[in-house]
Amino acid sequence: MIISRVVAKVVISTNDFLHAVEPDLGFLQCVRVCMKETLGWMPTTILGAVPHAVTQDDTYNAYLIPKGAGVLNNVWGIHMDPERHANPRQFNPDRYRDDFQSLADAAANPDASKRDQFTFGAGRRICPGIHVAERSLFLGISRILWAFNINPTVWIRTASRFCLIQIS
């Protein structure tokens with residue numbers, strides 16, 4: 001498997017994983033797109049974890065949001081919006097093929113249409129651990145791709161139950 005060889009050469013062959021991550025993220029775009037798609041396809045938070053407070057009265061779609069009201073990001077609703085991504089429930093890493101932003105850069109992008117996910121929040125209260133999460137996901141996915149041959153599987157119905165088979 002060609003991905004396994006690339007991952008092995010770039011990530012696994014070094015003993016200094018933390019310092020190998022930054023330059024290798026650009027080289028291993030396949031890992032980056034898997035990270036972005038995973039966070040968008042199955043976000044770990046349905047609603048933003050930290051509420052924001054409105055600093056002045058505001059209106060949204062004719063609804064008044066009074067000063068001091070708590071507001072949460074509807075992460076699931078944003079990620080599952082078919083106007084942002086066609087077929088949002090389908091796992092499709094190719095949608096990020098040409099996106100070379102890090103998770104932190106994308107999350108802080110002033111153009112909300114260029115933000116790939118809202119799992120870590122938005123604005124000034126964005127999760128400070130986004131950098132740790134990005135590196136952990138990168139290393140985890142890289143090691144899985146290095147260590148295992150991943151093939152599609154299907155469920156088939158036998159006489160009495162369903163079972164999983166591997167397609168070669």
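Residue numbering for the sequence shown follows full-length UniProt numbering, beginning at 1 and increasing consecutively. Using N, Cα and C, we set each Cβ at its ideal position, and we do this for glycine too. Values in this document were obtained by computation on a predicted structure and should not be read as measured data.
Cβ pair K120, A112 closer than 8 Å: Residue identity differs from the one stated: residue 120 is Phe in this sequence, not Lys. No. Outside cutoff.
Top-ranked residue by Cα proximity to A49, from Q90, V132, A122: Nearest C-alpha to A49 among Q90, V132, A122: A122.
For G70, three-class secondary structure by DSSP: strand
DSSP state of T59 mapped onto helix, strand, coil: strand
Cβ shell of I144 (< 8 Å), same chain only, five flanking positions each side left out: I150
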